[in-house]
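Numbering (the working numbering), first residue to last: 70 to 762.
Ideal placement from N, C-alpha and C gives every residue a C-beta, glycine not left out.
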């Protein structure tokens, strides 16, 4: 750890005593410096209190000994020649002393003469360069709650400055718009990673690559593994209990089915009432896999048959790595909920158009053709999971709300206070993703069959079909017909979390909005939703989110979607990817041979020549380990380190939210007790408060 040295103001620049004022009105001012690395400063910092009746003296924050150091909470006296009335703003000014030294201020507390209670002014921002910052009292206020001109002007100026800083850009056509930044270096300091997090992120990737001996193995690029056991060569240091379980059980049909329910992409499965016309499964050919005394037609009508259809990746441009074309299939997989064996696959077709060259694979085929068919399904799953479920439906969706929130909701707005902890670091991680992961020369290009152009085309297809309804878990489960599917822990846990989030959001909204009319009349809120719909989600007319909010319930649902997506949904998709992708044959990132058209031609040699080669396997293992690893600075859901709400009523609601999550955690742990394959990704303690990775 790097220790920041902080001299006293007296030593570093000499004493500048304040001239006495007559009469003496003394305000006690407490200034809290951030706890992040390099938060303290040796620069000059001045404070001025702006009240209803005037301003205090501009006061240098200087006392004997050390002050404004990392983690310090310093107390000062600020004098005024007359009573200020209610303090409206705290003006902080930083000026360079010899060398530039940025300062992170957590908050300022002010106690007026003769008063016991103080006012809290949340800051939580960097003061970079010679700068003047004015922060408001922590009481949340809508525009209609403002009375004084100073407050209205501050509100307006803050949004004007933010709209100059945070602009929309179309990174590519046909996908959600994002922040206008070529890289994370273009972002303001306030939305950047903390120094510790940035260092850890970069060290972790290097560690993963080093542990896999990637430099040594990379000389084998293009060479196949000799047999399936060879994959264990990269599996000996980076590992997890579930990844090891996957390695042992990945060939088993029940485990294949389990992953559609509780794996890293549990949102694809849907009930099948009628077979698709392009999937001509004959009932007699799958009769042996059903329970006794039933038929496929009966099970379809009963609702025990499920479908996973990867039509969305049909015809996606295939990546080329080192001059070698990779291959993509768009499988259909029919699954049956067996009363004894659980959810099992009973038929797989590897292409969307049936023909004599597109056989239907079944569990009673020879072991190798059936195994390869399942690999092709899991390969399609990798592409959909990474590009659509993870990138588009969490990262890019949340970025839209992040940009709109910064542009249209001032820091004093209650909805800004509610959302901003759940949007922390999203802009930087997305900028890094665009430059390091999904760019034309990014990591995805080096390992995935949809890398390069395929990522964009696939994202465009999903974005065009995306609906607001599908982001609401209750609606999503109903629409997919999976409300009664057994052992679907993702569904059960998601619904518990959704209820807790919605309850919390409803309480906050009701605290600040007394009626539907107040929602309609909140011009800042209406500008926010208009920007979300008309800029962020432009050109998807069927998305289903109106550009105006008409009542409290619409607002509650939308805010719940934002918080659920940035916390629980991201955890469900992201946190298990190493567990299910580290054993490369279980979830191949690419396929180097085309799908087999002849079951009899499938050999182990063909399988090994089809699976990712040595280098591709190393890269996918390293990147999934990095992305799903617990972050050292992780802030769990509802643990708000930065207290934007200062009112006791709002703080009580946050406490209630935490208690609800504790109950959910206890229930999940009890449910998982004794399970060989636990599902813990949606334990509240394992869910980050925002998308940070």
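Please report the straight-line C-alpha distance between residue i and residue j, rounded to a whole angstrom.
{"i": "residue 659", "j": "residue 265", "result": "34 angstroms"}
{"i": "residue 627", "j": "residue 615", "result": "11 angstroms"}
{"i": "residue 708", "j": "residue 297", "result": "44 angstroms"}
{"i": "residue 502", "j": "residue 460", "result": "9 angstroms"}
{"i": "residue 401", "j": "residue 476", "result": "43 angstroms"}
{"i": "residue 554", "j": "residue 516", "result": "34 angstroms"}
{"i": "residue 686", "j": "residue 188", "result": "56 angstroms"}
{"i": "residue 762", "j": "residue 697", "result": "8 angstroms"}
{"i": "residue 513", "j": "residue 122", "result": "59 angstroms"}
{"i": "residue 314", "j": "residue 746", "result": "8 angstroms"}
{"i": "residue 607", "j": "residue 726", "result": "34 angstroms"}
{"i": "residue 752", "j": "residue 728", "result": "13 angstroms"}
{"i": "residue 511", "j": "residue 521", "result": "8 angstroms"}
{"i": "residue 684", "j": "residue 651", "result": "13 angstroms"}
{"i": "residue 691", "j": "residue 160", "result": "47 angstroms"}
{"i": "residue 235", "j": "residue 249", "result": "7 angstroms"}
{"i": "residue 147", "j": "residue 273", "result": "46 angstroms"}
{"i": "residue 403", "j": "residue 351", "result": "12 angstroms"}
{"i": "residue 258", "j": "residue 504", "result": "18 angstroms"}
{"i": "residue 523", "j": "residue 139", "result": "46 angstroms"}
{"i": "residue 177", "j": "residue 385", "result": "54 angstroms"}
{"i": "residue 441", "j": "residue 756", "result": "34 angstroms"}
{"i": "residue 458", "j": "residue 228", "result": "33 angstroms"}
{"i": "residue 153", "j": "residue 119", "result": "7 angstroms"}
{"i": "residue 359", "j": "residue 432", "result": "12 angstroms"}
{"i": "residue 765", "j": "residue 293", "result": "The question about residue 765 has no answer here: the residues shown for the chain are numbered 70 through 762."}
{"i": "residue 256", "j": "residue 646", "result": "28 angstroms"}
{"i": "residue 285", "j": "residue 682", "result": "In this prediction, residue 285 has a pLDDT of 46, which is less than 50 and means its spatial position is unreliable; what the coordinates show is noted afterwards. Cα-Cα distance, rounded: 14 angstroms."}
{"i": "residue 506", "j": "residue 244", "result": "17 angstroms"}
{"i": "residue 224", "j": "residue 575", "result": "25 angstroms"}
Mapping DSSP to helix, strand and coil, what is residue i?
{"i": "residue 681", "result": "coil"}
{"i": "residue 284", "result": "Model confidence at residue 284 stands at a pLDDT of 45, short of 50, so the residue's coordinates are unreliable and nothing is read from them."}
{"i": "residue 149", "result": "strand"}
{"i": "residue 591", "result": "coil"}
{"i": "residue 71", "result": "Here residue 71 scores only 30 on pLDDT, less than 50, and its place in the model should not be relied on; the value that follows carries that caveat. Three-state DSSP puts residue 71 in coil, outside helix and strand."}
{"i": "residue 128", "result": "strand"}
{"i": "residue 340", "result": "strand"}
{"i": "residue 598", "result": "helix"}
{"i": "residue 375", "result": "strand"}
{"i": "residue 430", "result": "strand"}
{"i": "residue 413", "result": "strand"}
{"i": "residue 352", "result": "helix"}
{"i": "residue 637", "result": "helix"}
{"i": "residue 313", "result": "helix"}
{"i": "residue 400", "result": "coil"}
{"i": "residue 753", "result": "helix"}
{"i": "residue 759", "result": "coil"}
{"i": "residue 90", "result": "With a pLDDT of only 44 at residue 90, under 50, the local geometry of the prediction cannot be trusted, and the value read off the model is given with reservation. Residue 90 falls in the coil class under three-state DSSP."}
{"i": "residue 671", "result": "coil"}
{"i": "residue 554", "result": "coil"}
Quick one: residues in its chain with C-beta nearer than 6 angstroms to the C-beta of residue i, no 5 flanking neighbours on either side, listed in chain order?
{"i": "residue 499", "result": "464, 468"}
{"i": "residue 545", "result": "539"}
{"i": "residue 124", "result": "117"}
{"i": "residue 763", "result": "The displayed coordinates of the chain run from 70 to 762. Any statement about residue 763 would go beyond what the structure contains."}
{"i": "residue 563", "result": "542"}
Once you ignore the five residues that flank residue i on each side, which residues in its own chain have a CB closer than 8 angstroms to its CB?
{"i": "residue 723", "result": "573, 707, 709, 714"}
{"i": "residue 411", "result": "323, 326, 327, 555, 556"}
Which whole-angstrom value is the C-beta distance of residue i and residue j, which I expect to be below 8 angstroms?
{"i": "residue 491", "j": "residue 632", "result": "5 angstroms"}
{"i": "residue 549", "j": "residue 338", "result": "7 angstroms"}
{"i": "residue 773", "j": "residue 233", "result": "Only positions 70 to 762 of the chain appear in this structure, which leaves residue 773 out of reach."}
{"i": "residue 636", "j": "residue 466", "result": "Not really, about 13 angstroms apart at Cβ, beyond 8 angstroms."}
{"i": "residue 807", "j": "residue 180", "result": "In this structure the chain extends from 70 to 762, so residue 807 is not present and cannot be described."}
{"i": "residue 656", "j": "residue 450", "result": "6 angstroms"}
Suppose the cutoff is 7 angstroms on Cβ atoms and the five residues either side in sequence are ignored; what does the same chain contact list for residue i look like?
{"i": "residue 471", "result": "492, 495, 496"}
{"i": "residue 170", "result": "110, 111, 112"}
{"i": "residue 253", "result": "261, 497, 500, 501"}
{"i": "residue 595", "result": "617, 618"}
{"i": "residue 570", "result": "629, 632, 633"}
{"i": "residue 703", "result": "757"}
{"i": "residue 182", "result": "94, 95, 96"}
{"i": "residue 601", "result": "469, 470, 473"}
Quick check on the DSSP output: what are the complete beta strand (DSSP E) runs of length 3 or more inside the segment 182-244, in order along the chain? 188-196, 200-205
At 4 residues or longer, and completely inside the segment 486-538: list those alpha helix (DSSP H) runs for me, N to C. 495-501, 512-516, 522-534
Scan the segment 717-751 and note each continuous alpha helix (DSSP H) run of 4 residues or more that stays entirely inside, going in chain order. 717-741
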